[in-house]
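Count along the sequence shown starting at 1, add 492, and that's the number in the working numbering.
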Amino acid sequence: MALTLLGRSNPLASPSEQLRILDHTASALPFDRRVEQAGLFPLHATGITTFQLNVGKVCNQTCRHCHVDAGPDRMESMSSETAEQCLTALAMTDIPTVDLTGGAPELNPNFRRLVEGSRALGRHVMDRCNLTVLLVPSQADLVEFLANHQVEIVASLPSFHAPQTDAQRGEGVFEKSIEALRRLNHQGYGRPNSNLTLTLVYNPVGAFLPPKQEPTEARFKQELFARFGITFNRLYTITNMPISRFLDFLIESGNYEGYMERLATAFNPAAATGVMCRSTLSVGWDGTLYDCDFNQMLALPVSTEAPRHIRDFDPARLQHRRITTRNHCYGCTAGAGSSCGGSVT
493 MALTLLGRSN PLASPSEQLR ILDHTASALP FDRRVEQAGL FPLHATGITT FQLNVGKVCN
553 QTCRHCHVDA GPDRMESMSS ETAEQCLTAL AMTDIPTVDL TGGAPELNPN FRRLVEGSRA
613 LGRHVMDRCN LTVLLVPSQA DLVEFLANHQ VEIVASLPSF HAPQTDAQRG EGVFEKSIEA
673 LRRLNHQGYG RPNSNLTLTL VYNPVGAFLP PKQEPTEARF KQELFARFGI TFNRLYTITN
733 MPISRFLDFL IESGNYEGYM ERLATAFNPA AATGVMCRST LSVGWDGTLY DCDFNQMLAL
793 PVSTEAPRHI RDFDPARLQH RRITTRNHCY GCTAGAGSSC GGSVT
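Below, the structure is given as structure tokens:
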């Protein structure tokens, strides 16, 4: 089936249209069949160790690879009612980690309430930060707030070179990101003998798989310290998922079939065994429950055997649910695997 370019006036296809494109990929065996061949179908959750809350699509940046399609013009934002339902659900469990994402999660009015509530319950909190949000005038005290609550910063930085970073994230973003990293270091983040963890996230600028995580981390540490005196704790490598804006880019550039073939050829059963959806529950800005943030963007909620909204949260029915999978899942199972926590294997 011929692929049509997603129209520029409305650059992103709907979730159902994206799934149609993914389902008709000529260069890859359907993902479920590939998992079945590996003796792993169907995948089931093994418990919930990460409670990931996507608090909305509002962001101060518009990145060309963004799987959320976030930006300054988006209106989707988690309400205070839904935020409180999330905290109520969290209190029913011993889930150790709360992962706050967006958009720029810090711009949600309930972000600090979620941080404070989660920390009061004794949970580790991660903030998926685009770095430049730390320079927004309304967030002048944000770094101090995050440090006071010992929130781990998980910050995206595609390159230690300005041109590559700006090409993916917008003009001038690299310079602002470096300034934000300096402020985090000054507060104690990423410093030796500090309890404030600074994690960087690398994802490729183009239609290829990320390099190995350990040598990439070593290179980033060397370059960022030598050039800017910046230190950090660790780096995750993440594969670009063939959905949303990155799917648009793949089709527009003629790389879609080649990229999907690359992902499918690199399918790794060990990575499939350890995919993040097996230990993560993703909550959408409106309270809908998903297996992961990527399924969320494709409007693929958890299976019907489990409750589908946070107000109906039932850990017993969710912790071993069947995982909903489609062809985009090749992105998490290629090579060393990819997850919100970096390489899987």
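Think of the CB as a built atom: it goes at the ideal place given N, C-alpha and C, for glycine as much as any other residue.
What are the partner residues of residue i, as DSSP defines its beta bridges?
i    : result
S648 : V693
S630 : Beta-bridge pairing links S630 to no other residue.
D619 : L592, I645
S774 : Q544, Y782
A826 : F759
L727 : L692
S686 : According to DSSP, which records beta bridges pairwise, S686 is partnered with nothing at all.
G531 : Partner(s): none; G531 has no beta bridge.
R814 : H536
V550 : G563
S569 : G548
S831 : G834
I793 : Residue identity differs from the one stated: residue 793 is Pro in this sequence, not Ile. Y782.
H801 : T780
Out of the options, point me to the one whose CA is closest to residue i's CA.
i    : options                : result
R526 : R604, L599, T825       : T825
G833 : H820, R770, E797, P522 : R770
A612 : A632, Q631, N600, V590 : V590
L599 : L514, M570, T691, I587 : M570
Q660 : T517, G698, G827       : G698
A764 : N695, S835, D785, Y728 : S835
C621 : T691, Y782, Y751, L521 : T691
T538 : E644, P650, L773       : L773
A654 : Q631, F720, R604       : F720
S651 : S610, E709, N640       : E709
Q642 : V628, P734, D619, R818 : D619
I645 : T657, P629, V617       : V617
Q631 : N552, G662, P684       : N552
T729 : P684, I587, D515, V693 : V693
L514 : P734, H559, C578       : P734
D586 : R615, A520, P564       : R615
T542 : R683, T554, C578, R726 : C578
I540 : N640, E608, P588       : P588
M789 : L810, R818, S610, R809 : R818
G563 : G662, R809, E797, A639 : G662
Ordered along the chain, which non-local residues of its own chain (more than five positions away) have a Cβ less than 6 Å from that of residue i?
i    : result
G680 : S686, L688
L623 : A647, S669, A672
A530 : P761
E568 : G548, K549, W777
T517 : M752, N819
Report all residues from its chain with a CB closer than 7 Å to the CB of residue i; omit the five preceding and five following residues, and keep chain order.
i    : result
T780 : P793, R800, H801
V635 : L626, R675, L676, Q679
C821 : F523
T837 : N760, A762, A763, G766, A828, G829
D783 : C769, S774, V794, I815, T816
R556 : Q660, R737, F741
L504 : L498, D561, S736, R737, D740
A575 : N602, R605, L606
P696 : P702, N732
T723 : N677, G682, R683, F717
F786 : H559, M733, I735, H820
G609 : L579
L495 : Low confidence applies here, because L495 scores a pLDDT of 41, under 50, leaving its location unreliable; read the following figure in that light. Correct list, in chain order: I513, I743, Y748.
Q656 : P650, V697
I'd like the list of long-range same chain contacts for residue i, defined as Cβ closer than 8 Å, with 5 residues on each side in sequence excluded.
i    : result
H536 : R770, H812, R813, R814, I815
S849 : What the structure shows of the chain is the stretch from 493 to 837, and residue 849 is not part of that stretch, so it cannot be assessed.
L701 : T731, R754, L755, A758, A826, G827
Worksheet item: Does the stretch 531-548 come within contact of the stretch 583-599, defined as at least 3 CB pairs closer than 8 Å?
Response: Counting C-beta pairs closer than 8 Å gives three or more between the stretch 531-548 and the stretch 583-599, which meets the contact rule.
Fill in: Three-pair Cβ contact test at 8 Å for the stretch 702-709 versus the stretch 668-675
With a cut-off of 8 Å on Cβ pairs, the stretch 702-709 is not in contact with the stretch 668-675, counting fewer than three such pairs.
Practice prompt. Would you be able to state if there are at least three C-beta pairs under 8 Å between the stretch 579-593 and the stretch 805-820?
Written response: Output reads yes: the stretch 579-593 touches the stretch 805-820.
Worksheet entry | Stretch pair the stretch 504-512 + the stretch 745-758: three plus CB contacts closer than 8 Å | Contact between the stretch 504-512 and the stretch 745-758 is absent: fewer than three C-beta pairs spanning the two stretches fall below 8 Å.
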